[in-house]
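Its first residue numbered 1, the sequence shown is counted upward by one per residue in the UniProt record's numbering. Ideal placement from N, C-alpha and C gives every residue a C-beta, glycine not left out. One structure is given below, encoded as structure tokens.
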Amino acid sequence: MNLANPKPLRVCFSYAAYAKNLIHYLTSSNIPVDPGLSDAEFSAVESSFGFTFPPDLRSILQEGLPVGPGFPNWRSSSKQQLEILANLPILGICKEVSKNEFWIDSWGDRPEDADGAARLAGILLKEAPILVPIYRRFYISSAPCVAGNPVFYVHGGDVRLWSFDISGFFQRIEFRMSGGGGEVSRRQTLSSLFAAPAWAATEARRIEFWTDIAERSGGSEAARGVLEVERWRVEGGGR
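Written out as structure tokens, the structure reads:
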């Protein structure tokens, strides 16, 4: 490649074109990808779990279903497995509440006993927008059901705004996968191959409850500009 006259990065103008490029990138990074979900499969998942996939995530999963370690397998995993994965954010926060390390002022007065506080937190959290798992501890809000919702990192009471939208998440992440012989191959990041899509969010949409929690934690990775200088490295399928 001529560094003095580098090849311009390709820009995607539609969700379908972006999804096609992303799935190709994941496949070339040795991440297993199954055929995309059908309309019937989307309907079955959404009916079972009570949420609707936002359009940008739906477009990706329609093009191909990543099934490598850490990715939710919406087709083959049991309902119980997917329920556990989808409920982890709420369970993690309730655990922190029970340890007397977490409470939100907007919830009102905290019950004196830890179990009562955790029960009340669980009830209140059920009213928050459902977070749809993307990869390991990264989630995107199902509401509002429009493209451009931010991606959150959720681990117990540690909630961070990770990227402005799902394209920002994949632009940022760097996969390093172990080959069959044990070697680790490092792939170029998506951002080095394709520019952010034309429709990429330039600021984070506020999501009821989750944005407030992220701000409370001081955990806005995107707002700090970390997107440009940090990568999430995944070796052998991730940790």
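inquiry  = Could you check whether the region 59–69 touches the region 87–105, counting it as contact only if at least three pairs of C-beta atoms, one from each stretch, sit closer than 8 Å?
reply    = no
ask   = Quick one: complete alpha helix (DSSP H) runs, 4+ long, within the region 71–158?
value = 79–98 and 114–125
task = Might you give, ordered along the chain, the residues of its own chain that have their beta carbon closer than 6 Å to the beta carbon of Val67, omitting 5 neighbours on each side?
result = Working through the sequence shown from its first residue, we reach residue 67 at position 67. These residues qualify, in order along the chain: Pro32, Asp34 and Asn73.
message = Quick check on Trp210: does DSSP put it in helix, strand or coil?
response = Along the sequence shown, read from residue 1 onward, the residue named residue 210 stands at position 210. Trp210: helix per DSSP, three-state reduction.
request  = Sort Ile166, Arg137 and Gln80 by Cα distance to Ala196 and report the nearest one.
outcome  = The residue given as residue 196 occupies position 196 in the sequence shown. Minimum Cα distance to Ala196 is reached at Ile166.
ask   = By a C-beta neighbour count over all protein chains shown, 10 Å radius and 16 as the cutoff for buried, is Ala200 buried or exposed?
value = In the sequence shown, residue 200 corresponds to position 200, counting from 1. Buried, since its Cβ has 16 or more Cβ neighbours within 10 Å.
task = Please report how far the alpha carbon of Arg108 lies from the alpha carbon of Phe49, in whole angstroms.
result = Here residue 108 corresponds to residue number 108 of the sequence shown, with the count starting at 1. Here residue 49 corresponds to residue number 49 of the sequence shown, with the count starting at 1. Reading the sequence as shown, one finds Gly at residue 108 and not Arg. Each residue's Cα considered, the two are about 29 Å apart.
task = Report yes or no: do the region 110–128 and the region 33–47 share at least 3 C-beta pairs separated by less than 8 Å?
result = no
query = The beta strand (DSSP E) spanning Leu65 covers which residue range?
reply = Residue mapping note: residue 65 aligns to position 65 of the sequence shown, counting from 1. Unbroken beta strand (DSSP E) run through Leu65: Gly64 to Pro66.
request  = Would you kindly work out how many angstroms separate the C-alpha atoms of Ile213 and Gly122, rounded to a whole number?
outcome  = Reading the sequence shown from its first residue, position 213 is the one you call residue 213. Reading the sequence shown from its first residue, position 122 is the one you call residue 122. Taking the straight line from one Cα to the other gives about 15 Å.
query = To which residues does DSSP link Arg172 through a beta bridge?
reply = As a working mapping, residue 172 is identified with position 172 in the sequence shown. According to DSSP, which records beta bridges pairwise, Arg172 is partnered with nothing at all.
Contacts around Ala16, its chain only, beta-carbon distance under 7 Å, and the 5 residues preceding and following it disregarded = Here the question's residue 16 lines up with position 16 in the sequence shown. Taken in chain order, the residues that qualify are Ser59.
ask   = Taking Cβ to Cβ, would you say Val154 is nearer than 7 Å to Ser217?
value = Translated into the one-based positions of the sequence shown, residue 154 becomes position 154. Translated into the one-based positions of the sequence shown, residue 217 becomes position 217. Not in contact: Val154 and Ser217 (Cβ atoms no closer than 7 Å).
query = Shortest alpha-carbon distance to Leu85 belongs to which of Ile173, Phe209, Phe138 and Phe170?
reply = Along the sequence shown, read from residue 1 onward, the residue named residue 85 stands at position 85. Ranking Ile173, Phe209, Phe138 and Phe170 by Cα distance to Leu85 puts Phe138 first.
request  = Classify Ser28 as helix, strand or coil using the three-state DSSP reduction.
outcome  = What you label residue 28 is simply residue 28 of the sequence shown in a count that begins at 1. If DSSP states are grouped into helix, strand and coil, Ser28 belongs with the helices.
query = Taking the continuous alpha helix (DSSP H) assigned at Asp39, which residues delimit it?
reply = On the sequence shown, position 39 is the one that residue 39 refers to. Start and end: Asp39 to Phe49.
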